[in-house]
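Numbering-wise (our numbering), the sequence shown opens with residue 1 and increments by one.
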Amino acid sequence: MNAENQSAASDPEAERGSRRLERNNLLLVVLGSVAFSFTGDFRKVLSFLAGGLITVVNLRLFRLIVAGMTGLRQTKRSRLIVQVVLKFFGMLGVLAFLMLVLKPAPIALLLGLSTLVVAV
């Protein structure tokens, strides 16, 4: 491990910041779902919740992959490549299933997917 990776691995502020971002994103998903529940349209609530949960899971997986790449977690290079490929195709599969099978309300889904932007 070189000096740059050691400084990144020993920086607890970066770890706290990423966890805070995850927590804020999840809080926005919960608050947005409650707000959509006042519309009375259960399809919009589920669409927003699905979009928000996709961003929560995607952010979590991304954080774990970046931690492996920067040395915060010990991970083999081949395992990192497999994780990136599985994350990509897994998220693509979830979105395809959501759009083709469940047919969510598009505006609510997009608002759910954009909760990460607001959390930042």
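Ideal placement from N, C-alpha and C gives every residue a C-beta, glycine not left out.
Please state whether DSSP places G40 in a helix, a strand or coil.
Of the three classes helix, strand and coil, the one that applies to G40 here is coil, per DSSP.
Give the straight-line distance between the Cα atoms of R73 and L86, rounded to the nearest whole angstrom.
Between R73 and L86, the C-alpha separation is close to 18 Å.
With the cut-off set at 8 Å, would you say G32 and L111 are in Cβ contact?
Yes, Cβ-Cβ distance for G32 and L111 is below 8 Å.
Is there contact between the segment 30-48 and the segment 59-78, where contact requires at least three CB pairs shorter than 8 Å?
No, because fewer than three Cβ pairs between the segment 30-48 and the segment 59-78 fall closer than 8 Å, the two stretches do not touch.
One question on the structure: do V122 and V29 come within less than 8 Å of each other, judged by their Cβ atoms?
This structure does not reach residue 122, given that the chain is present from 1 up to 120, and the question cannot be answered.
Hey, would you say A119 sits closer than 8 Å to N58, going by beta carbons?
Cβ distance not < 8 Å, so A119 and N58 don't count as in contact.
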